[in-house]
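K.L.:
Just dropping this structure here.
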Amino acid sequence: MKKVDIDKAVKAARKAFEFGSEWRTMDASHRGVLLHKLADLIERDRVYLASLETLDNGKPFADSYNIDLDAVIKCYRYYAGWADKYHGKTIPVNGNYMCFTLHEPVGVCGQIIPWNFPLLMQAWKLGPALAMGNTVVMKTAEQTPLSANWVAELIKEAGFPPGVVNIVPG
Numbered sequence: 001m002k003k004v005d006i007d008k009a010v011k012a013a014r015k016a017f018e019f020g021s022e023w024r025t026m027d028a029s030h031r032g033v034l035l036h037k038l039a040d041l042i043e044r045d046r047v048y049l050a051s052l053e054t055l056d057n058g059k060p061f062a063d064s065y066n067i068d069l070d071a072v073i074k075c076y077r078y079y080a081g082w083a084d085k086y087h088g089k090t091i092p093v094n095g096n097y098m099c100f101t102l103h104e105p106v107g108v109c110g111q112i113i114p115w116n117f118p119l120l121m122q123a124w125k126l127g128p129a130l131a132m133g134n135t136v137v138m139k140t141a142e143q144t145p146l147s148a149n150w151v152a153e154l155i156k157e158a159g160f161p162p163g164v165v166n167i168v169p170g
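Numbering (full-length UniProt numbering), first residue to last: 1 to 170.
Right under this line is the structure:
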């Protein structure tokens, strides 16, 4: 990984987050649909991803398949459900005033995940960021890049717009 790789990923994420972009104008419920589709694809490729996880960090295949992948799929589905349910609030105040909160995406999120539980750590980071409409630049651990790279392919297959998720290995 070089500085130029990070710069390229950040540039792509910023472009995907620009006003008027496909991602920025996407309805929140459709973001949830994309996250559910990603969970479906992970479920479809569960054996392959468990194999990559085992190959990457040496954990027993049974743990990768039965524990990690189950939690990963549930995590993406959980945040998919939140995509269109996180709203602002109207707060009562004294006087002739109106007070409210508005929840908006913050933009490009820089995320770093460690070597242990790479798929689950990735889901914990990507799920909420994407559900809320942010774009992501994620640096994976140099010891465990394989499963994250495959999930990046699944993100494309699920239909996320280009530049929304950018994976930079090690």
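We put the beta carbon where it would ideally sit given N, CA and C, even for glycine.
Starting from Lys-37, follow the alpha helix (DSSP H) in both directions and report where the run begins and ends.
P.N.:
28–44
K.L.:
For the 8 Å Cβ check, are there 3 or more pairs between the region 53–68 and the region 110–124?
P.N.:
yes
K.L.:
Hey, how far is the Cα of Gly-88 from the Cα of Leu-35?
P.N.:
22 Å
K.L.:
Quick one: give me the first and last residue of the beta strand (DSSP E) that Met-121 is part of.
P.N.:
Here Met-121 belongs to no beta strand (DSSP E); instead the alpha helix (DSSP H) covers 118–131.
K.L.:
Three-state secondary structure (DSSP) at Ile-113?
P.N.:
coil
K.L.:
So, are the CB atoms of Gly-110 and Ala-12 less than 7 Å apart?
P.N.:
Cβ distance not < 7 Å, so Gly-110 and Ala-12 don't count as in contact.
K.L.:
Report yes if the CB atom of Val-168 is closer than 7 Å to the CB atom of Val-136, and no otherwise.
P.N.:
no
K.L.:
Which same chain residues end up closer than 7 Å to Pro-105 when comparing Cβ atoms and leaving out the 5 residues on each side of it in sequence?
P.N.:
Met-132, Gly-133 and Asn-134
K.L.:
Kindly provide the ranges of any beta strand (DSSP E) runs that are 3 or more residues long and lie completely inside the region 73–99, ordered along the chain.
P.N.:
Counting only runs of 3 or more, we get nothing.
K.L.:
Count the other CB atoms within 10 Å of the CB of Pro-145; is the residue buried (16 or more) or exposed (fewer)?
P.N.:
So Pro-145 counts as buried.
K.L.:
At the level of alpha carbons, what is the spacing between Arg-46 and Gly-58?
P.N.:
17 Å
K.L.:
Is any heavy atom of the ligand HEM found at a distance shorter than 6 Å from the C-beta of Pro-161?
P.N.:
Among the components modelled here there is no ligand, and therefore nothing to report on the ligand HEM.
K.L.:
Hey, could you find the ends of the alpha helix (DSSP H) Ile-6 is sitting in?
P.N.:
Taken as a continuous stretch (DSSP letters only), the alpha helix (DSSP H) holding Ile-6 covers 3–17.
K.L.:
Is DSSP giving Lys-139 helix, strand or coil here?
P.N.:
strand
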